[in-house]
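Under my numbering, think of the first position of the sequence shown as 2, with each following residue one higher. What follows is one structure encoded as structure tokens, with my remarks underneath.
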Amino acid sequence: RVESGMAIWGTTIAHCRENSGDGAEVDKKKFKDCKKCFSGVGDWLNEGGLARGMACLEKFEPKTIESCGEIMKKLPEVDFVQSEVNKALVCWENVHHKSIGEKCLKATGGKDMVLASLCVMNHLRQDHHYAEQIILGEDPEEQGDPTKPTKLQRVLESLFIEGRCIHANE
Numbered sequence: 002r003v004e005s006g007m008a009i010w011g012t013t014i015a016h017c018r019e020n021s022g023d024g025a026e027v028d029k030k031k032f033k034d035c036k037k038c039f040s041g042v043g044d045w046l047n048e049g050g051l052a053r054g055m056a057c058l059e060k061f062e063p064k065t066i067e068s069c070g071e072i073m074k075k076l077p078e079v080d081f082v083q084s085e086v087n088k089a090l091v092c093w094e095n096v097h098h099k100s101i102g103e104k105c106l107k108a109t110g111g112k113d114m115v116l117a118s119l120c121v122m123n124h125l126r127q128d129h130h131y132a133e134q135i136i137l138g139e140d141p142e143e144q145g146d147p148t149k150p151t152k153l154q155r156v157l158e159s160l161f162i163e164g165r166c167i168h169a170n171e
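Written out as structure tokens, the structure reads:
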């Protein structure tokens, strides 16, 4: 349960960042409102917490309620068994990814799927990085030497460089 709670908290912070921003820019007030709402949820794995969480989703991620609301409403009936909780989390993430995909398709005009895929990866990376900063309470300078990127950061950067080159040469 603790692991599931931490996963949900990390997910909500990343989602708040995505729903509060436009690309690299984040509307700090909207993010703070989202974070405050979700931080008031407490334990999602009881009826009160689930109700508070669904109210936040209704306010900040209404498409999640449309797609996953029924799965979430059934959780108390099955006593929040982990397999059902996981189904709800997967549904929530799928809605989130679809939302990012739609933004990226629109941004690329729907013609360049490689660039759109890179855009999705970049959104997810930015959301994760921002959530990591909020949860760990650290500035990027405190997290290590920026001149020594991780292997994942190097791979993503090479993909972006390749994507930009291909796009520029078309």
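C-beta: ideal position from N, C-alpha, C; glycine also.
Secondary-structure assignment with DSSP links GLU67 through no beta bridge to anything. Each residue's CA atom was taken as its position, placing GLU163 and CYS38 some 40 Å apart. Within its own chain, the residues whose Cβ lies closer than 7 Å to the Cβ of GLY102, once the five positions on either side in sequence are excluded, are VAL121, listed in chain order.
Just measuring C-alpha positions, the residue of PHE81, HIS16, LYS60 sitting nearest GLN127 is HIS16. Within the DSSP bridge table, the entry for VAL115 names no partner.
Within a 10 Å sphere around the beta-carbon of GLY110 sit fewer than 16 other beta-carbons, which makes this residue exposed. Each of ALA108, ASN170, GLU67, LEU119 was checked against the Cα of ASN95, and the nearest Cα belongs to GLU67. As the crow flies, the alpha-carbon of GLU19 is around 29 Å from that of VAL82.
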